[in-house]
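All remarks here apply to the structure that follows.
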């Protein structure tokens, strides 16, 4: 008889406010994925484990705050959980960067399964501090990490996702430096929040977290989507998941302006312009990185040339974006 894997909880770095608790995550069997493993065979095994995850359905979890407040939440049929609560003074429980530390655990300590990490799983919620002057919402694929979304038949996406470990993925030149400059702002201590949004599935959450940390990008919520929504047929006039996530962030922080960063490969230009029109005076700048697809770049250039509401730049390098951000007073 096969030995059953122990249980774990993966809490996704999320975001909230002084009065709004918002946390998402997933209860899974621990497949012992080592993101630093090398060798093609081991990479393929790890990739298989990421996508063939065994979820823990319909179980109750505890979310414990630093003041010992406990929030109860239940996983769904795919092992996901989402907790939204109205609480007071959450900002008083954060560190200087605005991170609220939470501990997730299985409620039933007598569950007939081994639970890893002594049934204590760290979770973090970003509550932007009062020092923040603006926020940054960034795409990941081909914006900060070479993915190949614009390649023919998406073959580079497959190669980079399935045959490269997170430790070998190359960040686009100067991206980490630019994001850290935006994070610290003009004063050097602004702690402007950075949000990472992608069409990738939640199965890649730890992979992307490892990539960002290894390459010294500022820490921030990573917002992905469920595998079941990828293959789900869209309803008429239904907005892309990434666009809905960005709108949620803007609604969560009505007093904060934002810089949107993406690339010219997919639909970032259309999404960002639509958002800027929907939230007038809330989008301070749009930066799109050029990708090697001539027709798409020409289309985006045409869009930006006729769009005058918000400063929108198609940049070939991080240096161009840094120069504009400095001239605009976003960074020192």
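In the working numbering, the protein residues as written are 1164 to 1495. Glycine included, every Cβ here is placed at the ideal spot set by N, Cα and C.
Closest by C-alpha distance to residue 1424, when choosing among 1233, 1418, 1417 and 1405: Residue 1424 has its Cα closest to that of 1405, out of 1233, 1418, 1417 and 1405.
DSSP state of residue 1287 mapped onto helix, strand, coil: Judged by DSSP in its simplified three-state form, residue 1287 adopts strand.
Given residue 1388 as reference, the closest of 1489, 1241 and 1291 once Cα atoms are compared: Nearest to residue 1388 by C-alpha distance, out of 1489, 1241 and 1291, is 1241.
The region 1406-1420 touching the region 1259-1266, judged by at least three CB pairs closer than 8 angstroms: Segments in contact, no.
Under 9 angstroms between C-beta atoms of residue 1296 and residue 1355: Against a cut-off of 9 angstroms, the Cβ pair of residue 1355 and residue 1296 comes out as a contact.
Beta-ladder partner(s) of residue 1478, from DSSP: Checking the DSSP bridge columns, you'll see residue 1478 partnered with 1452.
Secondary structure, alpha helix (DSSP H): runs of 4+ residues fully inside the region 1241-1310: Inside the region 1241-1310, DSSP marks no whole alpha helix (DSSP H) run of 4 or more residues.
Span separating the alpha-carbon of residue 1377 from that of residue 1342: Rounded to the nearest whole angstrom, the CA to CA distance from residue 1377 to residue 1342 is 14 angstroms.
Per-residue DSSP class, three states only, for residue 1176: DSSP, reduced to helix, strand and coil, places residue 1176 outside both helices and strands of the structure shown, so it counts as coil.
Through-space distance from residue 1261 to residue 1367, alpha-carbon basis: Each residue's alpha carbon lies about 25 angstroms from the other.
Same chain, Cβ closer than 7 angstroms to residue 1290, neighbours up to 5 away in sequence not counted: Same-chain partners within the cutoff: 1179, 1180, 1181, 1253, 1254, 1257, 1261 and 1263.
Whether residue 1246 touches residue 1187 by CB criterion (9 angstroms): Yes. Within cutoff.
9 angstroms Cβ cutoff met for residue 1363 and residue 1304: Yes. Within cutoff.
Among 1191, 1229, 1184 and 1358, nearest to residue 1173 - alpha-carbon criterion: Of the listed residues, the one whose Cα sits closest to residue 1173 is 1191.
Residue 1340 to residue 1184 span [Cα, whole Å]: Computed Cα separation, rounded: 31 angstroms.
Separation of residue 1483 from residue 1490, as counted between CA atoms: Distance between the alpha carbons of residue 1490 and residue 1483: 11 angstroms.
Nearest-angstrom Cα separation, counted from residue 1286 out to residue 1337: If you draw a straight line from the Cα of residue 1337 to the Cα of residue 1286, it is about 29 angstroms long.
Residue 1470: first and last residue of the uninterrupted alpha helix (DSSP H) it sits in: Run containing residue 1470: none; DSSP gives neither H nor E here.
Reference residue 1229; option with closest CA among 1428, 1218 and 1288: Measuring from the Cα of residue 1229, the nearest candidate turns out to be 1288.
Distance between residue 1275 and residue 1298 (C-alpha atoms, nearest Å): So the two alpha carbons sit approximately 44 angstroms from each other.
Run of the alpha helix (DSSP H) containing residue 1405, from where it starts to where it stops: Per DSSP, residue 1405 belongs to the alpha helix (DSSP H) from 1404-1415.
Which of helix, strand or coil DSSP assigns to residue 1507: Since the displayed the chain opens at 1164 and closes at 1495, residue 1507 lies outside it and no answer follows.
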